[in-house]
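*Asks:* Numbering (our numbering), first residue to last: -16 to 295.
Beta carbons: idealized from backbone N, C-alpha and C, even for Gly.
Bear in mind that the values here come from a model prediction, so they are computed numbers and not experimental data.
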């Protein structure tokens, strides 16, 4: 059976492996839809999203509507006449007019074992909440939030030291491979749709600035999971002399302590210890506001932190 004509919708780096694999396997891509260019950095220069950059490298037509539900884009969509829509971290909710249009449906790559961790930040929250297993789901989109029927799922271990950045890259690749299998099944009519059990659903809300603020009253492992879940970006942080101190890498040391949470303790080859509720968090890799990211040993050469100082 002929390969379906696909409209690809995606924006950030997580979507790149899927677009690249579709292109390498010679799937006919009718076009690529991505979010508009956004101002970024200190100069607020307009920056193109990663998916747009890759699509242009491949010579594919790119569309960047402010809202895909506007009639001006829907006219373009109907002219493109895709057999299937593939959506990967696009960033806009699709209207019914798009969801119901393609004969081979709209497929979405979601980086969790649905119905767990529906929502905007599943990769981060799975690590923050201490999950030991994760995976990728390919689902047929409906009008709900990540609630469509599942075509395929693949489970994988979530490493105890794995960061958001590492998991992001790994599941992006896994999702691309699973997407191709799902497209083949949808095309040849062998796909088996599995409805989600809404009673098992959990949610992964959008991250906020407050999400990354470390509460030193929490257990050491919970703080480590927060650091892992936000590293390398947007990053967990604490306050040092009124300045934000980002923490990229740390490890937990559970032992009896008699210091208030947030108190700086001893320095060893492993790093700088900070008291938590049930032990220490050993800081290894940090960045003070306005400075470069550096190993804690290098940081301490320029910042004399006395034992007993309390981080906020």
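#1: Quick check: what's the CA-CA separation for residue 238 versus residue -14?
#2: Roughly how many angstroms separate the alpha carbons of residue 71 and residue 206, rounded to a whole number?
#3: Hey, could you find the ends of the alpha helix (DSSP H) residue 109 is sitting in?
#4: With which residues is residue 22 paired in a DSSP beta bridge?
#5: In the DSSP assignment, the beta strand (DSSP E) including residue 210 goes from what residue to what residue?
#6: By how many angstroms is the C-alpha of residue 151 removed from the C-alpha of residue 173?
#7: Residue 268: buried (16+ other C-beta within 10 angstroms of its C-beta) or exposed?
#8: Name the two residues that bound the continuous alpha helix (DSSP H) containing residue 159.
#9: Taking the Cβ atom as the reference point for each residue, do residue 102 and residue 125 lie within a distance shorter than 9 Å?
#10: For residue 261, which residues of its own chain have a beta-carbon under 7 Å away from its beta-carbon, when the five flanking residues on both sides are left out?
#11: Is it right to say residue 35 is buried, meaning 16 or more other beta carbons lie within 10 angstroms of its own, or is it exposed?
#12: Which word fits residue 9, buried or exposed, when buried means at least 16 other C-beta atoms lie within 10 angstroms of its C-beta?
#13: With a threshold of 8 Å, are at least 3 pairs of Cβ atoms found where one atom belongs to the stretch 12 to 24 and the other to the stretch 42 to 52?
#14: On a CA-only basis, which of 179, 109, 85 is nearest residue 122? Give me that one, please.
#15: Put residue 79 into one of helix, strand or coil per three-state DSSP.
#16: Where residue 256 and residue 169 are concerned, what is the direct C-alpha to C-alpha distance, given to the nearest angstrom?
#17: Here's a check: name, in chain order, each residue in its chain whose Cβ is nearer than 8 Å to the Cβ of residue 165, leaving out the five neighbours to either side.
#18: Going by other Cβ atoms of all chains shown within 10 Å of its Cβ, with 16 needed for buried, is residue 183 buried or exposed?
#19: Whole angstroms are fine: how far does the CA of residue 245 sit from the CA of residue 197?
#20: Rounding to the nearest angstrom, what Cα-Cα distance links residue 33 and residue -10 in this structure?
#21: When you compare only the Cα positions, how much space is there between residue 293 and residue 272?
#22: Near residue 38, what residues of its chain come up, given a Cβ to Cβ distance below 6 Å and the 5 sequence neighbours on each side ignored?
#23: Please confirm whether residue 68 and residue 84 have their CB atoms less than 9 Å apart.
*Replies:* With the structure as the only source:
#1: As a working note, residue 238 is residue 255 in the chain shown. As a working note, residue -14 is residue 3 in the chain shown. Cα to Cα, the separation comes out at about 59 Å.
#2: Residue mapping note: residue 71 aligns to position 88 of the chain shown, counting from 1. Residue mapping note: residue 206 aligns to position 223 of the chain shown, counting from 1. Whole-angstrom Cα-Cα distance: 30 Å.
#3: On the chain shown, residue 109 is found 126 positions in, with the first residue counted as 1. According to the DSSP assignment, residue 109 belongs to the alpha helix (DSSP H) that extends over 105 to 111.
#4: Locating residue 22 in the chain shown gives position 39, counting from the first residue. Residue 22 has 29 as its beta-bridge partners, per DSSP.
#5: Position 227 of the chain shown, counting from 1, holds the residue named residue 210. Where residue 210 is concerned, there is no enclosing beta strand (DSSP E), although the alpha helix (DSSP H) it sits in stretches over 203 to 212.
#6: Taking the chain shown and counting its residues from 1, one reaches residue 173 at position 190. Taking the chain shown and counting its residues from 1, one reaches residue 151 at position 168. About 29 Å.
#7: The residue given as residue 268 occupies position 285 in the chain shown. Flag for residue 268 reads buried.
#8: Your numbering for residue 159 matches position 176 in the chain shown. Counting along the chain, the alpha helix (DSSP H) containing residue 159 begins and ends at 147 to 171.
#9: Along the chain shown, read from residue 1 onward, the residue named residue 102 stands at position 119. Along the chain shown, read from residue 1 onward, the residue named residue 125 stands at position 142. No; because the gap between Cβ atoms is not below 9 Å, this pair is not in contact.
#10: Here residue 261 refers to the residue found at position 278 when the chain shown is read from its first residue. Hits under 7 Å: 202, 203, 237.
#11: The residue labelled residue 35 in the question sits at position 52 within the chain shown. Buried, since its Cβ has 16 or more Cβ neighbours within 10 Å.
#12: Mapped onto the chain shown, residue 9 falls at position 26. Taking all protein chains shown into account, residue 9 has fewer than 16 neighbouring C-beta atoms within 10 Å of its C-beta and is therefore exposed.
#13: yes
#14: By 1-based counting over the chain shown, the position of residue 122 is 139. Taking only the C-alpha atoms, the option nearest residue 122 is 179.
#15: Start at 1 with the first residue of the chain shown, and residue 79 comes out as number 96. DSSP places residue 79 in helix when its eight states are reduced to three.
#16: Here the question's residue 256 lines up with position 273 in the chain shown. Here the question's residue 169 lines up with position 186 in the chain shown. Straight-line Cα distance between these residues: approximately 53 Å.
#17: Locating residue 165 in the chain shown gives position 182, counting from the first residue. Hits under 8 Å: 90, 121, 134, 135, 174.
#18: Taking the first residue of the chain shown as 1, we reach residue 183 at position 200. The residue in question, residue 183, is exposed, as its Cβ has fewer than 16 Cβ neighbours within 10 Å.
#19: As a first step, residue 197 must be located in the chain shown, where it is residue number 214. As a first step, residue 245 must be located in the chain shown, where it is residue number 262. Rounded to the nearest angstrom, the two C-alpha atoms are 9 Å apart.
#20: One-based indexing of the chain shown puts residue 33 at position 50. One-based indexing of the chain shown puts residue -10 at position 7. Computed Cα separation, rounded: 17 Å.
#21: Working through the chain shown from its first residue, we reach residue 293 at position 310. Working through the chain shown from its first residue, we reach residue 272 at position 289. In a straight line, the C-alpha of residue 293 is about 18 Å away from that of residue 272.
#22: Locating residue 38 in the chain shown gives position 55, counting from the first residue. Excluding residues within five positions, the ones whose Cβ falls inside 6 Å are 15, 45.
#23: As a working mapping, residue 68 is identified with position 85 in the chain shown. As a working mapping, residue 84 is identified with position 101 in the chain shown. Contact flag set, yes.
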